[in-house]
Amino acid sequence: MFVLILEEFSLALRYHSCRQLGLRSNDTLEKAAEPIQRSLLSSDLQFFELEQPMQFSNVKDLADKCRDLSDYDALNERAIVLSPSSTIGELLARSPHVTSKQIVIVVISRQAIASVAQKRPPPSTGAKSTQLISSQVEERPDAAYNHRPPELAPPPLSIYHPVFARFRREMATSTESLQFSVKELRQASLLMDVSLRHYSSEEQRREALRKVFFLDEQPFWDGTSININDTEMDLDGVLKLDLGFGFGLVYTTLGELKNGGGDGGCDPSDQAQCAYIKLVSSKQYQPVREASCCPVLLLGLSGHVLAVWGAVFADRFFFERLALIYIGPQPPSTLPSSTMGRSDIEVGIREAAKLFRTLEHCVQDVKYHYCSLDLPAHSSPVSSTTHSTLIPKPFTARTSRKMDTLPSTISTPLDPSRFVYWNSFTSQGKQYKLGYCRRLTEYMTKPVFVASLTSSSDLNFPVTEVVVKFALRYSEVGHRLLADVKLAPRIHYCSFEKSIGLWVIVMDYIQGNVCNRKLTKPQKDSLADAIGILHKNNFVFGDLREPNVIITEGENQTTTLPQLQIDYRAFDARNITPRYEFGFGLSYTEFKYSGLNIVAVNESDNAQADLIRNWEAGHPSPIGLGSSTALWQVTFEVQNTGDVSGGEIPQLYLQMPPSSDEPPSVLKGFSDVFLQPGETKTITVMLSRHSLSIWDVVAQGWRRPKVQRQWLSEQAAEILG
């Protein structure tokens, strides 16, 4: 039985994915759909049955036909509402051709996330550790993706707005190359004086800061109340902007402060992030968030330590720490000389002056963003609908794939990927424009998107489906070597973009099948040709597995295309020793490892007992994906056996069986430790179910390999048993 999942955006519907529903006769629809419910992060489902099932040959065909279900009126004309308590047996009794039935679920994506976030407690409560333990989990759609915990990792925020790359770039500039005015140095000096003093209360500190901390020519730490839904939210500092035309205020900068470390019951950065989520998800902000990713600068000040964060709302609430500044005396970054030198106080003042200048520049950039928005002529909160509020995962190749066919681009003008900032480029004198459609992968931290490419200066250039990848580094030469002989996607653009601080690669979107079976001879030959070309030119392909190979079929030939992942694991594949591997050269001493011990954690995620038993038996299951619950605790001792103190990064590797086609050893955890001569410390690394799972391409599920070995290592190139 097919389940069509549609997403709702302002009462418009669009195709999301197609799934299979179980056929056990005694199960209710609600029970049968529980795996889908979990994968969609949903607390409620509403079921429809199409009166005339759709006939389709592939995902793109199905997506095209779903355009006939563009709103609720169209859906009501072609479907009937089903009770969640209806059983599969009852559906069979009405019609023996149950496999031809199609159930429809309506999903609200970004708006649903905002609806969930509106129910959050006040920031001063939500930022406490007791609250963050339950709110900072992958299962919560309104979680703050801020690396806490590590699985809540955001993508680089500069892909959504260049202001964040600008902040990093200007703060990385040495103050010795900058000239400051007397006004800038005076403000920085006053800020340092106020920050280094002790105060009996947070209110006294804020009042002192209000007189010296100015941004956009107005006092920042002024204490403000903001109308949020039907209540008010208090913040220690804000910069606001009146857009006019009935919209009221938007906010470019939010700040929270604490009187000192340990005061106030929570971290000011966490509180500022909670305040951002409450603000941007509010009913008043709906017109703005529909037109913008809502970039904001966040300041978290604890005594004399200031953290600066960037924040956006795209697929989720993303946060990136841009700077952590000690507002006080700082040691010089250069060695003293006979000709000039600076005191620690002078260095600290200049660093504070640089911070003020950078904040001023970036505040103006954020203001310009909001002033440039194409907003409706009038703003009013949209009343909530009576339809189910469901939370989807991003559209992905895994969740949408049918018969292992890679999905085609589907026009999604309201997808959060539309907020990606970099959307045009010039190549060989011609101008091109990108229309982002969706993410290519379900992992939020990976900035890879599917887009449509058009050219305004070349009328003969057809609309082309492309993949846009943002990367810290990329082997353009290796890619072009294979693209030139049609063994890799054609590159339309590949360059480092200073405005976002990343490489941007635009390549053809390849229609094909994921390799999930034994290759035919032509497929083997083309794959061997690709690897041979790389080797001949001193490149290696470091992750040659089925998921990284696409098989495309033409009229007279079959071509096997490796997806280029030329990276660290390539060195193991070719027995190449890097000069400086992970963990290399941290100290001048030696360390000894001993006492490896692995114990099960009693408190486990047993809420999904059936799926867990299936996974433990080695069968494919969705339980491995994103499961961060700690199930095993690995402990061992590290001793400094040398004569000097030093730091070490112990690493935990897992070795999967050869049948899994995984790399020889996979890093699953690491820590850092500083030891005096002869000192011994116990290191603890937690392993989750996800750590021990591999993706089964054929069965399209996560499974546990039958045999695994654990390894400890000082360096990535020296894995010790």
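For the sequence shown, full-length UniProt numbering gives the first residue as 1, with consecutive numbering after it.
Note that beta-carbon positions come from the ideal geometry of N, C-alpha and C, so glycine has one too.
For the stretch 470-521, the continuous alpha helix (DSSP H) assignments of 4+ residues that do not extend past its boundaries occur at 476-483, in sequence order.
By the Cβ criterion, the stretch 332-347 is not in contact with the stretch 195-203, since fewer than three pairs of Cβ atoms, one from each stretch, lie closer than 8 angstroms.
Membership of R206 in the alpha helix (DSSP H) is indicated by the continuous run E202 to R210. Taking the Cα of I510 as reference, the smallest distance to any Cα among R490, W503 and I103 is reached at R490. Counted as a single uninterrupted DSSP element, the alpha helix (DSSP H) harbouring T130 occupies residues S129 to S135. E51 sits away from R19, with the two beta carbons spaced by 8 angstroms or more. Minimum Cα-Cα distance from Q651 among the listed residues F636, P84, D236 and H492 corresponds to F636. In its chain, beyond the 5 residues on either side, A143, A144, R148, P149 and L152 have a beta carbon closer than 7 angstroms to the beta carbon of Q136. Cβ atoms of L257 and D236 come within 8 angstroms of each other, at about 5 angstroms. Residue burial annotation: Q431 is exposed, with fewer than 16 other C-beta atoms found within 10 angstroms of its C-beta.
Residue pairing by DSSP places R439 opposite F449 in a beta bridge. Taking a cut-off of 8 angstroms on C-beta distances, the stretch 266-279 touches the stretch 114-132, as three or more cross pairs fall below it.
With fewer than 16 other beta carbons inside 10 angstroms of its own, A74 counts as exposed.
The three-state secondary structure of V420, taken from DSSP, is coil. Contact check for P154 against T445 passes: the beta carbons are separated by less than 8 angstroms. In terms of Cα proximity to A114, the closest of R316, V644 and P35 is R316. Excluding its 5 nearest sequence neighbours in each direction, R205 has C-beta neighbours in its own chain below 6 angstroms: Y199 and N259, listed in chain order. Setting aside the 5 residues that flank it on each side, D344 is surrounded in the same chain by P329, Q330, P331 and P332, each with a C-beta closer than 8 angstroms to its C-beta; the list follows chain order.
Taking the Cβ atoms as the reference, W632 lies roughly 4 angstroms from L687, within the contact range of under 8 angstroms. Checking the DSSP bridge columns, you'll see N640 partnered with F591. Pairwise C-beta distances place the stretch 259-272 out of contact with the stretch 284-294, as fewer than three of them are shorter than 8 angstroms. Across the set I325, F470, K469 and H492, the C-alpha of H492 shows the shortest separation from the C-alpha of R480.
Straight across, the Cα-Cα distance linking V163 with E30 is about 46 angstroms. For G255, the three-state secondary structure derived from DSSP is strand. By the criterion of at least three beta-carbon pairs nearer than 8 angstroms, the stretch 529-537 is not in contact with the stretch 444-458. For a cut-off of 8 angstroms, the C-beta gap from E170 to T358 is around 4 angstroms, short enough to register as a contact.
With respect to the C-alpha of M233, the residue from E217, Q218 and G255 having the closest C-alpha is G255.
E616 and N640 have their C-alpha atoms spaced approximately 38 angstroms apart. With a contact defined as Cβ atoms closer than 8 angstroms, V673 and V638 qualify at about 6 angstroms. For N538, the secondary structure class from DSSP, reduced to helix, strand or coil, is coil. C-alpha of F539 to C-alpha of L482: approximately 11 angstroms in a straight line.
Of all C-beta pairs linking the stretch 180-189 to the stretch 298-315, fewer than three are shorter than 8 angstroms, placing the two stretches out of contact.
The beta-carbon distance between L692 and S645, rounded to whole angstroms, is 35 angstroms. This is too long to meet the 8 angstroms contact definition. In the DSSP assignment, L654 falls within the beta strand (DSSP E) that extends over Q651 to Q655. A direct Cα-to-Cα measurement between A172 and M656 gives close to 41 angstroms. Shown here, K240 sits in a strand according to DSSP, grouped into three states.
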